[in-house]
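From first to last, the protein sequence lines stand for chains A and B. Residue numbering for the first sequence is 1 to 771, as defined by the working numbering. Residue numbering for the second sequence is 772 to 895, as defined by the working numbering. Just so you know, even glycine gets a beta-carbon here, dropped at the ideal spot from N, CA and C.
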Amino acid sequence: MSNWKWQEGEYEVVRTCTWSPPGEHPVGWSVLLYIKDGKLHHVEGDRKNPLTQGRVSIKFLELPAYNNSPERIIYPMKRDPQYRGDNSKWERITWDEAYDMIEKETRRVQKEYGPESIMTFIGTGRDLWHTVPKITFSAFESPNFNYPHNGWSCYGPRSSICVYVLGAGYPELDYATAFPEKRYEDPDYTLSKVALVVGKNPLVSNPDGLFGHALVDMMKRGTELIIVDPRATWLASRAKYFLQLRPGTDAALYLSMCNVIIDEDLYDHEFCDNWIYGFNEFADRCREYKPDVAAAITGVNADLIREAARYWATNKPGSMTWGLAIDQKCNGIQTATLVLLLCAITGNLDVPGGVLLGASDREAPTSWWGWDELDPEIQAKRIGAAEYPAVSTACSTTQPDMAMDAIMTDKPYPIKMTFTMSSNPIACPVADPQMVSKAMLRPDFNVFADLVMTPSAAAYGDLFLPVASSGEKDGLVGTHYGALTLFVAACVKGVQTGECKSDDEIMLDLGWRLNPSKFPWKDLHEFLTWELNGYGIEGTFDDLVNSETGFVTPPYEYEKYAYGLQTWNGEPGFGTPSGQVEAYCQRFAEWGDDPLPYYEEPPYSPVSTPDLAEKYPFVLTTGARSWSYFHSEQRHIERLRDLDPWPTTEMNPADAKRLGLKDGDWVYLTNMFGKCRQMLKVTPIVKPGVVMAKHGWWYPEKGPDDGGAGPFGVWDANINQLVPHNCYGKLGFGTPFKCMICNVEKAEGGPDFDAAWPKSNNYLEFATNQR
Amino acid sequence: MAEDKKMGMLIDYEYCTGCHSCEVSCKQRFDLDSDDWGIKVAELGPWQHGETDFEWDYIPMPTETCDMCKDRIAAGKIPLCQQHCQSFVIEVGPVAELAAKMGSKKKLVLYSETCEASRKKALF
């Protein structure tokens with residue numbers, strides 16, 4: 001019997017490991033696909049996976065519903081640009097016709113405007129952080145690889161700060177991945193005494209490769225938690241210390257915790273003496289944030305700050321896992337630096353049971369995927385690179401707000417063609433999405449590669465390429481996009497749906513057509529072998545598929561800085577200009593920012609804009625995760641939607657009572673930038689004066705044409721209408737998605753359609769008519 | 772059925788996070804509609820007792836549709852809710868053996884069988 005494929009009764013069974021689509025981070029759920037009559041019937045977890053051990057999230061349990069849903073677009077389609085927004089005008093075409101269109105437009109734009117006038121858009125967390133840059137740099141030969149989330153407010157800032165402050169790849173919780181046989185019971189594994197969880201709800205989000213429930217595995221064995229979050233999550237209800245801060249004030253909290261640890265002499269002298277650059281200057285900066293000062297800013301009790309800091313410093317090893325809440329604020333760079341320093345001064349970096357770090361050669365992928373082979377004159381045209389070197393040094397992308405400005409204004413040059421792979425900009429990542437929706441009508445040709453018709457593709461797409469889902473594609477899944485590889489596994493194709501192709505197949509097809517010398521692989525498997533070897537794993541892709549578990553967990557080297565494994569030259573130390581952890585960051589100084597971490601009020605808050613706050617009295621945080629959804633996806637999957645049917649805004653019972661609002665009321669959230677409507681959830685998990693609104697919402701049941709509230713009713717629900725474009729930190733990172741202000745008032749009712757989620761799935765006629 | 776063959780379901784709700792994997796697994800097994808459940812997760816709280824003190828528990832409860840996946844157990848597999856539970860807090864087995872495991876650990880609940888036979892037919 002094969003390790004990856006067998007017959008079980010009436011089912012053919014194929015073992016695979018999942019990555020999006022459907023939307024999900026590289027968690028590495030290993031599942032068995034039960035296939036009947038050529039269709040995916042159901043999935044079961046694969047207990048041979050050493051990390052998830054057979055456990056599966058509901059998003060992947062519902063894989064058959066997702067893959068077989070009538071909303072799937074399963075053939076290439078085109079629409080004449082003059083009919084953008086009219087979704088009766090899509091026509092089915094062949095892949096050859098689709099590629100002919102792309103080739104023709106690419107050549108035209110390259111010749112008439114230059115390759116830089118082609119811009120690509122990528123979505124978050126997915127398995128294409130090699131695919132889209134490679135298409136951009138090597139197929140289109142453009143420098144404008146764009147992640148359209150304002151201020152690059154997810155992962156990139158934290159990842160970049162690891163490079164600038166530590167010279168290291170991404171930090172992560174030590175959850176015994178390097179001990180696949182016995183895991184936590186392995187005698188060589190050290191359990192963290194405490195885990196610091198920062199601006200993150202990993203149980204729900206499973207971010208960037210961390211299997212969130214590994215934290216529960218650790219809690220059962222005795223790991224205590226310190227939770228920093230404006231919301232009392234389930235984890236917070238089990239925490240030793242829960243620091244419920246005002247959204248956006250994190251930096252003040254960490255400055256104060258570092259102050260307590262330094263002033264009370266609880267820091268690791270040996271580590272600080274040997275490995276921290278600028279420790280004394282940093283200690284002086286921290287002294288400006290005594291607990292009383294931080295308490296006044298953050299709303300966290302001063303004694304609690306002291307006690308949590310002492311507990312963190314004296315219970316070692318301590319591990320840490322941090323979330324995108326850090327990135328979604330103008331002060332995020334400093335916040336990220338402070339979290340790393342909180343781990344560094346207590347001697348928790350890269351020790352067993354402490355904070356895992358990627359080796360220096362696993363830094364953010366600046367030189368990967370064809371960038372180095374681009375003509376330097378073209379490289380120099382990357383939008384925002386000269387203005388924001390902090391963005392372009394570690395992220396191989398544009399500065400996203402400036403990229404959108406270029407589309408809108410033709411400056412510094414026009415953008416004539418866009419290629420969007422697995423991103424739904426106007427429903428999810430962009431601030432001021434109505435402005436973006438108009439701007440995106442300006443390019444001559446907009447290509448989408450996706451799985452269902454999205455508000456963005458419905459509004460301004462001209463060509464739609466249908467993408468294969470998990471279970472329908474061969475590929476690789478690995479944690480942290482290569483920056484810290486805790487596992488690599490094979491995604492294996494079990495079924496073919498329509499004419500769908502994987503993102504990697506589309507990349508290779510386009511590359512072979514447009515610039516074959518930069519795509520030397522003869523087929524997909526040869527490419528995947530090359531990619532696998534790039535992760536540092538020997539053998540071929542087929543070897544991995546055929547192996548006992550289809551899943552590799554590379555050995556992990558602790559304390560790399562002590563052995564010359566954290567630098568480029570083999571000397572002990574860290575891969576920074578000083579060779580040390582830079583509390584005084586020389587690169588920040590070079591780029592015109594304060595080299596020491598500091599606190600800055602959010603640009604819109606009761607403190608910084610008291611006049612506005614009178615009109616918009618709530619602090620608004622957004623984007624709490626849902627078990628059912630990955631960002632803007634999966635709203636059309638019935639079982640998932642049943643569990644979380646509407647966009648909700650959480651409000652404290654005291655505020656609700658004062659305003660005469662009840663749980664389940666529809667409310668408008670408004671501020672000086674925009675408005676949306678969500679359903680109120682009254683709950684004590686947010687403090688009085690704070691509301692949390694869900695993100696990524698649109699209504700598949702509303703249909704793709706604009707009926708007054710945008711395609712699929714996206715303007716009814718999208719919270720990012722209350723977040724401004726061009727509002728980010730000094731270094732080009734961080735838009736305040738998680739710390740805005742707003743007013744909340746009762747709406748006359750809900751969105752204008754049946755009260756219950758409609759069960760009929762035939763609202764996209766063009767999708768169903770294809771069959 | 773002999774007493775010693777009676778099955779039970781032991782739940783450690785100290786660690787149930789409310790992830791819904793048990794619910795969805797069971798709905799798939801029996802092809803259940805929106806308002807039909809084989810196991811349902813109840814929520815206690817969240818209630819705030821002090822500034823940072825919250826009580827918040829999730830407790831899965833099997834319905835009369837639950838047949839404890841006896842067919843799967845007979846085939847050498849484990850019940851779907853137990854297998855897919857992200858916190859590993861569900862254990863199905865002979866009720867007498869599970870009762871012996873109760874011990875002094877807090878927040879455990881043990882269910883006995885809910886029905887002679889499920890009303891529904893399992894798809895898989």
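Just verifying my parser: in three-state terms, what is the DSSP assignment at F137(A)?
Correct three-state label for F137(A): helix.
Could you tell me which uninterrupted alpha helix (DSSP H) segments, each at least 4 residues in length, are contained entirely in the stretch 32–83 of chain A, listed from first to last along the chain?
If we require 4 residues or more, the alpha helix (DSSP H) runs fully inside the stretch 32–83 of chain A come out as 58–61, 63–67.
Return the Cβ separation of G734(A) and V14(A) in integer angstroms, given the expectation that the two are a contact with Cβ distance under 8 Å.
Rounded to the nearest angstrom, the Cβ distance from G734(A) to V14(A) is 43 Å, too far for a contact under 8 Å.
Run of the alpha helix (DSSP H) containing W312(A), from where it starts to where it stops
Here the alpha helix (DSSP H) through W312(A) covers 302–314.
Where V407(A) sits in the DSSP three-state scheme
As written in the sequence, residue 407(A) is Ile, which differs from the Val given in the question. I407(A) falls in the helix class under three-state DSSP.
For D824(B), which residues does DSSP report across the bridge?
G821(B).
Is the closest heavy atom of the ligand ATP to the C-beta of G248(A) under 6 Å?
Ligands in the displayed structure: none, and consequently the ligand ATP is not present.
Residues in the stretch 798–824 of chain B with C-beta within 8 Å of chain A's C-beta atoms, listed in sequence order?
Listed by position, the residues of the stretch 798–824 of chain B near chain A (Cβ gap below 8 Å) are K798, Q799, S805, G816, P817, W818, Q819, E822, T823.
List, in chain order, every chain B residue whose beta-carbon is nearer than 8 Å to that of E557(A).
The contacting residues do not exist; E557(A) stays about 30 Å from chain B at best.
Cross-chain neighbours of Y786(B) in chain A, by beta carbon under 8 Å
Taking a Cβ-Cβ cut-off of 8 Å, the neighbours of Y786(B) in chain A comprise V216, M219, K220, given in sequence order.
Could you give the first and the last residue of the continuous beta strand (DSSP E) run that contains N678(A)?
In the sequence on display, residue 678(A) carries Gln and not Asn. Segment 675–682, the beta strand (DSSP E) holding Q678(A).
Contacts that C856(B) makes with chain A (C-beta to C-beta distance below 8 Å):
Residues of chain A passing the Cβ test: R55.
Where W818(B) and L235(A) are concerned, what is the direct C-alpha to C-alpha distance, given to the nearest angstrom?
Looking at the backbone, the Cα of W818(B) and that of L235(A) are separated by about 14 Å.
Taking F775(A) as part of the alpha helix (DSSP H), name the residues at either end of that continuous run.
Limits of chain A in this structure are 1 at one end and 771 at the other, which puts residue 775(A) out of reach.
Contact check, T131(A) vs F145(A) under 8 Å by CB: the rounded distance?
With a Cβ gap of about 11 Å, T131(A) and F145(A) do not count as contacting.
Which whole runs of the alpha helix (DSSP H) in the stretch 183–255 of chain A are 4 residues long or more, in chain order?
Qualifying alpha helix (DSSP H) stretches, in chain order: 202–205, 214–220, 234–237.
What span of residues does the beta strand (DSSP E) with L612(A) cover, start to end?
Taken as a continuous stretch (DSSP letters only), L612(A) belongs to no beta strand (DSSP E), being part of the alpha helix (DSSP H) at 610–615.
State the DSSP-derived secondary structure class of P180(A), mapped to helix, strand or coil.
Residue state, collapsed to three classes: coil.
Let me know the beta strand (DSSP E) ranges lying completely inside the stretch 322–384 of chain A, each 3 residues or longer, listed in chain order.
Runs of the beta strand (DSSP E) inside the stretch 322–384 of chain A: 355–358.
Assigned exposure category for Q7(A) - 16 Cβ within 10 Å defines buried
The residue in question, Q7(A), is exposed, as its Cβ has fewer than 16 Cβ neighbours within 10 Å.
Could you please give me the residues that DSSP links to T418(A) through a beta bridge?
DSSP lists M119(A), N446(A) as partners of T418(A).
G789(B) touches chain A at which residues, Cβ-Cβ below 8 Å?
The answer, in chain order, is W234, W627.
Can you pull out the residues from the stretch 661–694 of chain A whose beta carbon lies closer than 8 Å to at least one beta carbon of chain B?
If the cut-off is 8 Å between Cβ atoms, the stretch 661–694 of chain A has T683, P684, I685 near chain B.
Using alpha carbons as the reference points, say which of R635(A), P133(A), V163(A) lies closest to G575(A).
It is V163(A).
Neighbour flag for L61(A) against chain B, beta carbons, 7 Å:
For L61(A), the answer is yes, since a Cβ of chain B falls inside 7 Å of its Cβ.
Rounded straight-line distance, which links the Cα of R183(A) to that of E582(A)
Going by the C-alpha atoms only, they are around 33 Å apart.
Run through DSSP, which three-state label would Q7(A) get?
In the structure shown, Q7(A) falls within a strand segment according to DSSP collapsed to helix, strand and coil.
Spatially closest choice to M780(B) from A888(B), L894(B), V866(B), by CA coordinates
In this structure, V866(B) is the residue among A888(B), L894(B), V866(B) with its C-alpha nearest to the C-alpha of M780(B).
Residues from the stretch 293–318 of chain A in contact with chain B, defined by Cβ distance under 8 Å:
So the list reads N301, L304, given in the order they occur along the chain.
Inter-residue CB distance, E887(B) and M839(B) (contact presumed, cutoff 8 Å):
In fact, because the Cβ distance is near 12 Å, the residues do not count as touching under 8 Å.
Chain-order list of residues whose beta-carbon lies under 8 Å from that of K759(A) (same chain, five-residue window excluded)
The pLDDT assigned to K759(A) is 42, lower than 50, so where the model puts this residue is not dependable, and the model offers no usable value.
Just reading off the beta strand (DSSP E) that E650(A) is part of, what are its end residues?
That run of the beta strand (DSSP E) goes 648–651.
Name, going along the chain, the residues of the stretch 18–45 of chain A whose beta-carbon falls closer than 8 Å to a beta-carbon of chain B.
Flagged, chain order: Y34, H41, H42, E44, G45.
Please confirm whether I58(A) has its beta-carbon closer than 7 Å to some beta-carbon of chain B.
Using beta-carbon distances, I58(A) counts as an interface residue toward chain B, with a partner under 7 Å.
Give the straight-line distance between the Cα atoms of D284(A) and A295(A), rounded to the nearest whole angstrom.
Our two residues, D284(A) and A295(A), have alpha carbons roughly 19 Å apart in a direct line.
Using the DSSP secondary-structure output, state which residues sit across from G319(A) in a beta bridge.
For the record, residue 319(A) in the displayed sequence is Ser; it is not Gly. Paired residues: A195(A).
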